Amino acid sequence: MADQNEAPVVLHSVDLSNPDIRESAAILKQACMDTGIFYVINHGISEELMAEVFAQSKKFFALPLEEKMKNMVTKSRGYKVINKLYDQETKQQAHGEGFALIEEAPDANNDHRPLRGPNVWPSAELLPGWKETVVKYQKEVLKVASAVSRIIAIALDLNEDFFDQPQFLGNAIPYLSLIHYEVEGAQPLKECLLGTPPHTDPSLITLLATDEVPGLQICRDLEGKPRVWKDVAPLEGAFIVNIGDILERMSNCIFRSTFHRVQYRKDRYTVAFFVYPSLEGTIECIPSCVSAENPPKYPPIKNEELLGTIFKTEVAAA
Numbered sequence: 000m001a002d003q004n005e006a007p008v009v010l011h012s013v014d015l016s017n018p019d020i021r022e023s024a025a026i027l028k029q030a031c032m033d034t035g036i037f038y039v040i041n042h043g044i045s046e047e048l049m050a051e052v053f054a055q056s057k058k059f060f061a062l063p064l065e066e067k068m069k070n071m072v073t074k075s076r077g078y079k080v081i082n083k084l085y086d087q088e089t090k091q092q093a094h095g096e097g098f099a100l101i102e103e104a105p106d107a108n109n110d111h112r113p114l115r116g117p118n119v120w121p122s123a124e125l126l127p128g129w130k131e132t133v134v135k136y137q138k139e140v141l142k143v144a145s146a147v148s149r150i151i152a153i154a155l156d157l158n159e160d161f162f163d164q165p166q167f168l169g170n171a172i173p174y175l176s177l178i179h180y181e182v183e184g185a186q187p188l189k190e191c192l193l194g195t196p197p198h199t200d201p202s203l204i205t206l207l208a209t210d211e212v213p214g215l216q217i218c219r220d221l222e223g224k225p226r227v228w229k230d231v232a233p234l235e236g237a238f239i240v241n242i243g244d245i246l247e248r249m250s251n252c253i254f255r256s257t258f259h260r261v262q263y264r265k266d267r268y269t270v271a272f273f274v275y276p277s278l279e280g281t282i283e284c285i286p287s288c289v290s291a292e293n294p295p296k297y298p299p300i301k302n303e304e305l306l307g308t309i310f311k312t313e314v315a316a317a
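In numbering that gives the first Met the number 0, the protein residues as written are 0 to 317.
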């Protein structure tokens, strides 16, 4: 799907079962310097749970449209049709559908801040076990994200538990997005369909689980003429992890957020897990990433303010 002369990108793999965390940190750091994206293997989530969350995702997207529309997106949660984005490079409109949710806090109904409040849930009668599977998956992937964050901390010359602090991932905000890139109703004459235009993720990190269908592509230089897009191959049982804008900001651009897009040829299902720090925290350049030669490129900002800017529709709806 990328340029025919371009081979798929070769990614580093970070093995969470490796007892030598400093070796893992060296691998992760090299991956972040090379591409900003890497595989995470041996993460500890069972094959059964991974298979079940994809099965439940497919069950939801197989519902009639009128049933799915009952769960329309509210405050960045719920069902949405991905068709409002257009890519000048491919001359295509995005095509697909998604369902997003967060980890609900006990006082969800009274919290109107960004990425807070209640989720929209499909009918338990239509989809028994759907909510339970998704909630369990959220909790398990957050554990993986925390493990990855400890390796990132060491890679940035920080204490291993730096991101475990309450202002960061100690009170993390996980944002889960089930996505179906469908072929039916799309532009069949196109060689590849556009799922998502080029973008970076606004998160700290993103952990992507995908089926066996390829589609993810990365570009390290959007100013290149022509742009060079490289395919990222799915790896069975692994997460594809990419650096987000918040970590780029905190690392003072030592780790760069990865531009990526989705182009696909047949139905494709993914589960994206975006990790955001606590709303109570402040996002600022990490001291180990600042020097006389590399002064801070960003001023400190409250995470609630930053996320309020990212999720403007939530602020308007509050």
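Cβ coordinates follow ideal geometry from the N, Cα and C atoms, glycine included.
Computed from a predicted model, the values in this text were never measured in an experiment.
Rounded separation between residue i and residue j - CA only
i: Cys252; j: Pro295; result: 9 Å
i: Val140; j: Val270; result: 11 Å
i: Ser290; j: Leu168; result: 25 Å
i: Glu157; j: Pro127; result: According to the sequence shown, residue 157 is Leu rather than Glu. Whole-angstrom Cα-Cα distance: 44 Å.
i: Lys130; j: Phe98; result: 12 Å
i: Phe59; j: Ile153; result: 40 Å
i: Ile178; j: Asn17; result: 31 Å
i: Leu155; j: Ala123; result: 44 Å
i: Gly95; j: Leu246; result: 28 Å
i: Glu102; j: Asp200; result: 19 Å
i: Glu211; j: Glu292; result: 44 Å
i: Ile26; j: Met249; result: 20 Å
i: Glu88; j: Asp19; result: 43 Å
i: Ala315; j: Ala208; result: Reliability of the predicted coordinates at Ala315 is poor, the pLDDT of 30 falling under 50, and no value is obtained from them.
i: Phe254; j: Ser176; result: 24 Å
i: Arg264; j: Glu190; result: 7 Å
i: Val143; j: Ser12; result: 14 Å
i: Glu159; j: Arg149; result: 5 Å
Rounded distance between the beta-carbons of residue j and residue i, thought under 8 Å
i: Leu234; j: Tyr38; result: 5 Å
i: Ser45; j: Tyr268; result: Not really, about 18 Å apart at Cβ, beyond 8 Å.
i: Glu279; j: Gln166; result: 6 Å
i: Asn241; j: Thr205; result: 5 Å
i: Arg112; j: Glu303; result: 6 Å
i: Tyr85; j: Ala171; result: Tyr85 to Ala171, Cβ: 33 Å. No contact.
Cross-strand partners of residue i (DSSP beta bridge)
i: Leu193; result: Gln262
i: Ser12; result: Tyr38
i: Val270; result: Leu177 and Ala208
i: Asp86; result: Gln91
i: Val80; result: Glu96
i: Met71; result: Tyr78
i: Lys301; result: Thr281
i: Gln216; result: Asp230 and Arg260
i: Ile172; result: Tyr275
i: Ile101; result: Tyr174
Check: residue i C-beta below 7 Å from any heavy atom of the ligand SAH
i: Pro18; result: Absence of the ligand SAH is noted for the structure shown, with no ligands found whatsoever.
Quiz item: Mind pulling the beta strand (DSSP E) runs of 3 or more residues that sit fully within the segment 219 to 245?
Solution: Counting only runs of 3+ residues, the beta strand (DSSP E) found wholly inside the segment 219 to 245 occupies 238 to 242, in chain order.
Self-check item: Sufficient close CB pairs (3 or more, under 8 Å) joining the segment 32 to 47 to the segment 227 to 247
Solution: Short answer: they touch.
Practice problem: Check whether the segment 255 to 266 touches the segment 214 to 221, taking contact to mean three or more Cβ pairs, one atom from each stretch, closer than 8 Å. | Solution: Yes: at least three Cβ pairs fall under 8 Å.
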